[in-house]
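> Sharing a structure here in structure tokens format.
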Amino acid sequence: MATLADVAKKANVSKMTVSRVINHPDQVSDELKQLVYTSMEELEYVPNYAARALVQNRTQVVKFLILEEIDTVEPYYMNLLTGISRELDKHSYSLQLVTQKSKNIGAYDGLIVTGMRDREIEKVMSGLEKPVIAYGENRRDLDAIDVDNRLGAELATKHVYEIGFRHIIFFGINLLEEEFMRSRLTGYSEVMKEHDLTEESYFMKNSSRIAERKALDILSKVKEPIAVICASDRMAVGVVRAAMSLNKRFGEDVAVTGFDGVFLDRISSPKITTVRSPVIEMGETCAQLLLKKINEGGAKQGSILFPPELIIRGSTVIGRE
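If you read the sequence shown in full-length UniProt numbering, its first letter stands for residue 1, the second for the next number, and so on.
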């Protein structure tokens with residue numbers, strides 16, 4: 001069985017360097033990491049993480065705390081968990097899903113929290129002694145990862161304006177007190193103000209059926225072309241169904257955009273123009289940031305907003321799928 005010394009010899013570096021690559025990869029150049037990782041792979045070297053965890057008083061466990069009603073088999077969260085798990089696996093960490101009631105059951109090294117409402121932050125954070133990374137924008141200066149929600153809504157609104165729509169409305173999730181929703185509304189609002197257009201916003205549960213009913217009511221009454229900027233792909237699916245039932249022509253009578261771009265945007269017909277969030281990469285970065293925070297004794301890490309990507313499809317442009 002290969003040893004750390006064997007890896008160091010093959011890579012032509014010191015044992016201390018190999019140890020640093022294994023234990024603190026963020027402190028080592030990518031070139032050096034690749035050299036050591038290649039040598040480890042060729043020698044089939046497996047670090048003794050159990051022994052390291054014992055010495056460092058670590059559990060090698062990270063918890064994922066869910067504070068909202070979600071379905072973890074939904075594509076969005078499957079992608080997020082895939083990203084988190086993929087990165088943790090590189091460092092021999094396991095991931096546990098927990099709820100507010102069970103978050104302190106069992107030892108762990110750090111915590112990733114999703115669905116944390118602004119009004120709940122003090123309650124959630126009380127009693128937590130381990131490093132925390134929030135998944136989602138917040139106003140409390142917590143270390144966090146999210147997509148740039150404002151920019152995403154701005155891209156969608158600019159797109160429908162550029163293809164000729166002037167009656168542009170916003171379908172938001174009824175969580176206006178939350179930062180991500182405020183940011184998406186702001187992105188829409190800024191573009192509308194820029195072009196001196198009248199803002200028109202509706203807020204509801206994140207449900208395709210509810211969005212469909214609301215869209216049927218609105219679309220059946222308007223005569224001019226109308227665009228609907230939706231705060232989620234789930235809502236956009238409902239609006240597309242409503243438009244189809246009224247025989248609206250996409251790209252001419254109506255345009256519909258979503259937000260997330262994980263799965264639902266592709267099963268609609270026509271497919272939905274959406275603001276895509278790089279969810280797997282965001283999950284990986286969540287884990288990277290948390291592990292760095294653990295290694296640095298809980299030091300502040302700051303927040304990262306990932307740039308979104310507008311994917312243009314048939315729900316806004318004639319001839320697209």
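Glycine included, each C-beta is placed from N, C-alpha and C at the ideal position. Bear in mind the structure is a predicted one, so any value in this text is a computation, not a measurement.
For Val73, count the other beta carbons within 10 Å of its own beta carbon; 16 or more makes it buried, fewer makes it exposed. Which is it?
Its pLDDT being 49, under 50, Val73 is placed unreliably by the model, and nothing is read from it.
> Check whether the region 112-119 and the region 57-66 are in contact - that is, three or more C-beta pairs closer than 8 Å.
The region 57-66 and the region 112-119 touch, with three or more beta-carbon pairs separated by less than 8 Å.
> Counting only runs of 4+ residues fully inside the region 54-127, write out the alpha helix (DSSP H) ranges in chain order.
75-90, 121-125
> Give the straight-line distance between the Cα atoms of Leu197 and His167, rounded to the nearest whole angstrom.
8 Å
> Starting from the Cα of Glu42, find the closest Cα among Met1, Met16, Arg20 and give me that residue.
When only C-alpha atoms are compared, the closest one is Met1.
> What span of residues does the beta strand (DSSP E) with Ala2 cover, start to end?
Ala2 -> no beta strand (DSSP E), and no H or E assigned at all.
> Please tell me whether Gln288 has its Cβ less than 9 Å away from any Cβ of chain D.
Protein chain content of the structure displayed is limited to a single chain, and chain D is not contained in it.
> What three-state label does DSSP hand His159 in the structure shown?
helix
> Could you tell me whether the Cβ atoms of Leu291 and His91 are closer together than 9 Å?
yes
> Look at the alpha carbon of Lys33 and the alpha carbon of Val18, and state the distance between them as a whole number of angstroms.
9 Å
> How would you call Glu120, buried or exposed, if buried means at least 16 neighbouring beta carbons within 10 angstroms?
exposed
> According to DSSP, is Ser268 part of a helix, a strand, or is it coil?
coil
> Which word fits His159, buried or exposed, when buried means at least 16 other C-beta atoms lie within 10 angstroms of its C-beta?
Label assigned to His159: buried.
> Below 8 Å on the Cβ atoms is my guess for Ala11 versus Leu35; work out the distance and round it to an integer in Å.
5 Å
> At a threshold of 8 Å, does Arg86 count as lining the ligand FAD (C-beta to nearest heavy atom)?
This structure lacks the ligand FAD; in fact it carries no ligand of any kind.
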